[in-house]
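Protein chains: 2
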Amino acid sequence: MSRVTIADVASAAGVSKTAVSFAFNSPGRLGHATLERVLGVAHDLGYAPHPAARALSMRRSGTIGVLIPQRLSAVFANPFMSELIQGLGELCEEHDLTLLLVPPLDGSLESAIRHASVDGFISLGLSPDDRALEVLDGIGIPTVLIDSDESSTHPVVNVDDRGGAHAAASHLLGLGHRQLAIVVLPPARAQMSYTPTATRRLAGYNAAIEAAGMPPPRPVTAGISVAAGIRAFESLPVGKRRPTGVLVMSDMAAIGVMNAARTAGMRVPDDLSVVGFDDLPFSAWTNPPLTTVRQPIVEKGRMAARMLIDRMKGKGIDSPAPLGTTLVVRASTSESGKLGFAN
Amino acid sequence: MSRVTIADVASAAGVSKTAVSFAFNSPGRLGHATLERVLGVAHDLGYAPHPAARALSMRRSGTIGVLIPQRLSAVFANPFMSELIQGLGELCEEHDLTLLLVPPLDGSLESAIRHASVDGFISLGLSPDDRALEVLDGIGIPTVLIDSDESSTHPVVNVDDRGGAHAAASHLLGLGHRQLAIVVLPPARAQMSYTPTATRRLAGYNAAIEAAGMPPPRPVTAGISVAAGIRAFESLPVGKRRPTGVLVMSDMAAIGVMNAARTAGMRVPDDLSVVGFDDLPFSAWTNPPLTTVRQPIVEKGRMAARMLIDRMKGKGIDSPAPLGTTLVVRASTSESGKLGFAN
DNA sequence: ACGATCGGATAAACCGCTTTACTAAAGCGG
DNA sequence: CCGCTTTAGTAAAGCGGTTTATCCGATCGT
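Taken in sequence, the protein lines are chains G and E. Residue numbers for the first sequence follow my numbering, so the first one is -15 and each next one is one higher. Residue numbers for the second sequence follow my numbering, so the first one is -15 and each next one is one higher.
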C-alpha cells in the first residue's frame, strides 16, 4: 500500500541503496549489468524517488516561488500575471524547474515564505524594505524583485514606468487636452502607500502635465479590473472640471472607464480620450482599440527568471537597466473636442 | 552562514529538539515558561523549519500540483488558465495550500510528476487512460481530473460541453445560417486525438446540425490564440462553400476569426456570424461583443480543488454532475444575410 | 507515609534519499 | 608473481525535522 522506497528497490534487486541511487544519479559508477537490472526492477516496481527526501538531502527542490502580495483570485484576474508567467515559464522549462505560486498564507506573506520549499523567489511589487523580504534574507533564499525600487541587496527587474507614463500624458496633451484625470493603482497590501510602480507612473504623468504648465490632478484610485474602472469613472469630477482625457494605469481599468463612459452617454474617443498602461494582448481588440503604454511583460518575466537562476548559481546582484516602454496609439484617443469644456 | 536548524534553537534555548518542535506544533505540551523562551529564541535566531524536512517527516507538503499538458507559455496565453487558477486559489487559500504548476519536464509529463513534491494533483484535459495518470496512481497521489472523460478511478469535474455546443449551433441555425464552419481545439499533446472536451463539443455541434438535416462540416483545427484564429479563418472554405456562420471552440480563436474576417473585408456579424466558447471576461468587451457559450470556469476550479481536498482527506471518488453551460448572445451573430455569398 | 498519577521534558527512532569514505576484487606493468 | 591503480559496490553518516516511548520529580488520594 505504502509508497515504494529506494530500500525496496535495493533489496528486490539484491544491491545496496547506494547502488540504486547511483543508477539514477551517476549511472557511470555502476557496472553495465547491475545498472540494467536495477533500472529494470525500479521500473517494474514503479519506483520514484520521494521528492521531499531528495530535496532535503540535495538541498535543492527544483522549484522557484512566485511571491504574490495578494489573493490568488485577485492577482489572476489581471492578465498581467498570465503574461508574466509565460515569461517565467520559458526559463523554467529550459532549466527543468517548476513554479510555485505563493500567496499570503493565512493572511501572512511571511509565514507563506517560511513554508515554501523553493530554491529561489521572485517577488512582485514588493517595496525593497518590505518585512517579507527580511524574512527571506534571514533564511537566505536568493530573490529577484519585479516592479520594485532599486535595491542594493537584490536584483531588480523594472520597466521604464516613468517614461511610459510621460509619453502617455504627452500624447494627450499634444492632442490638445487640458483637463486630465489620472487613475492610479491601489497599494499592493492594505495600509501601505502606492506601489513603487504606481509612484513612478504617477511621477511620469505629473512631470508631463506640469511641463505643460498645468496643475497635476488629484488621482483617483482603482483596482485592476473592469469593474474597478467603472467605479473610477463614476468618481471622476463632473461639470466644469470634467476631464476630456483619462490616464489609466492599467488596461483592465481603462476598459472599465471606456465602458462606463459610453454607458453615461459619452463617446470614446470623441468625448473622452482614454489611455491605458500594459498593452495586454486583448487591448488591441477592445472597442475601440485601446491606446496604451506597452510594457514587455513576458520579457520582464524572462529577465527576472534569468537573473534568479544566475543568482542561484551564485552570481552577483547587478540589476539590468529598466526595460523600455512605448506608447501604442490606437483608437481610444483623439483631439480634444472643440465642443468640450475647454471653450 | 548556513541555515539555522532546530538543533541550533534547541541548544541556544537549552532544551531538546523535541521541545522546540513542540513549541511550534503542540504548544500545549510545554510549560508556559519554556514555551515562551523557546519561541523567543527561535524568533531571535530567525528560525524557520526547513520545508523539505518537514514535508518528509510529516508526509505532507501543503502543496497541490496543477498538471499542465503543454508548455507554460502556451497554456497561460489562454485566459482560461487564469480563471481556473482563481477558482483553485480560493480553496487553496482557505486551506492554507500553495499551488505548484507542473508542466512537462524535459518534454515528459511523467517525469515532471515524479519530481513534484505535492499532496495531490489536478489534471487538465488529460484523457483518463493517459500514461501520466498511471504514473500518478503508481505513486498513489490523489488526483482530480478536469475536462476529461468519466473515470471510475478518479473524480472528474466537467461542464456540459455538448449541451453548450448544441445551443451554439442551434442559435446559428435558428438565425437561418445554412453554411456553417467549425473550428476545433487541437489535441493537448502531439500525436493524440482530440481532447475529451473537443470531442464533446464537436458532438454537440454536429448533433444540432444533423438534426437540422444538414451534413456536418469538416472541422478546421486551431490553437487557443488570436493568431490561431486568424489562421483558421484563412483556411475556411471559400467560394460557393464559404460559411456564413462559424462555431469556434474558444473565445480567443473566435476573436482571431472576427478580426481576420474584417481584414478580409467582411463585416461581423453582417457577413459572418461568429460564436465562441468559454465566455472569458473580456469577451464582453470585444468589437463586436462576442456571442459565446459561457462555462463557469472559476467554479470549475473551485469544485476541482474541493474534490481534491476531500480526496486527500480520504473521501471517495464520486464525480459531481457536469456544470451547466449557457449561451450568451451578444453582437457577433445575426440573421444570415440575404446579401451574403448565398446569392 | 506510600504507591498512583500526572505534567514537563527528553532520547532515540524514523521519514527516504544522497554522498563520502572505504573495501574487495580485478587489471596491469614489470 | 607482486605491489599498485582501477573498477564495482557498500556501510554509514548526514539532511532537518516529527513523534513515540520513556523518564523523572512533584502532587495526590488514602
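By construction, the Cβ of each residue, glycine as well, lies at the ideal position given by its N, Cα and C atoms. Everything numeric in this text was worked out from a predicted model, so none of it was measured.
Interface with chain E (9 angstroms Cβ-Cβ cutoff): S5(G) is excluded. G124(G) sits in coil when the DSSP states are folded into three classes, being neither helix nor strand. Under DSSP, S267(E) takes part in no beta bridge, so it has no partner. G122, I123 and G124: these are the residues of the segment 105 to 135 of chain G whose beta carbon lies less than 7 angstroms from some beta carbon of chain E, given in chain order. Residue ranges of uninterrupted alpha helix (DSSP H) with 4 or more members, entirely inside the segment 198 to 260 of chain E and ordered along the chain, are 210 to 218 and 235 to 247. In terms of Cβ geometry, A153(E) and A191(E) form a close pair [threshold 9 angstroms]. S209(E) and N62(E) have their alpha carbons spaced roughly 7 angstroms apart.
According to DSSP, G49(G) shares a beta bridge with L84(G) and F105(G). Beta-carbon to beta-carbon, S316(E) and G160(E) are separated by about 16 angstroms, too far to satisfy the 8 angstroms threshold. At a C-beta separation below 7 angstroms, Q70(E) has these neighbours in chain G: L56, S57, F60 and A61.
Under the DSSP assignment, L311(G) falls in the beta strand (DSSP E) whose first and last residues are T310 to V312.
Residue-level contact by beta carbon holds for V86(G) and chain E, with a gap shorter than 9 angstroms. Here D113(E) carries a coil assignment [DSSP, helix/strand/coil].
Between A182(E) and L164(E), the gap from beta carbon to beta carbon reaches 9 angstroms or more. C-alpha of V22(E) to C-alpha of G12(E): approximately 13 angstroms in a straight line. Excluding residues up to 5 positions away in sequence, L93, L108, G109, L110, A172 and R173 lie with their Cβ nearer than 7 angstroms to the Cβ of P53(G) in the same chain. Flagged as an interface residue toward chain E: N271(G), by a C-beta distance shorter than 9 angstroms. Of the other Cβ atoms in all chains shown, 16 or more fall within 10 Å of the Cβ of K284(G); this residue is therefore buried. For R278(E), the enclosing beta strand (DSSP E) begins and ends at T275 to R278. Apart from sequence neighbours up to five positions away, the residues of its chain that approach L85(E) with a beta-carbon distance below 7 angstroms are V50, I52 and L56, ordered along the chain. When only Cα atoms are considered, S(-5)(G) and G24(G) end up about 13 angstroms apart.
Per the C-alpha coordinates, the member of I239(E), D263(E), T47(E) and V313(E) positioned closest to L75(E) is T47(E).
At the C-beta level, F60(G) and I130(E) stay beyond 9 angstroms of one another.
The continuous alpha helix (DSSP H) containing I(-10)(E) extends over residues I(-10) to A(-3). Residue pairing of L129(E) in beta bridges, as defined by DSSP: S107(E) and V140(E). Sequence-distant Cβ neighbours of Y31(E) in its own chain, meaning closer than 6 angstroms and more than five residues away, are V(-12) and V(-7). Within its own chain, the residues whose Cβ lies closer than 8 angstroms to the Cβ of H34(G), once the five positions on either side in sequence are excluded, are R(-13) and T(-11), listed in chain order. For I166(G), the enclosing beta strand (DSSP E) begins and ends at L164 to V168. E218(E) has a beta carbon lying at 9 angstroms or more from every beta carbon in chain G.
Ranked by Cα distance from L19(G), the options V(-1)(G), A100(G), L120(G) and G122(G) are led by V(-1)(G).
Using a Cβ-Cβ cut-off of 9 angstroms, G298(G) is close to nothing in chain E; its nearest Cβ partner there is about 13 angstroms away.
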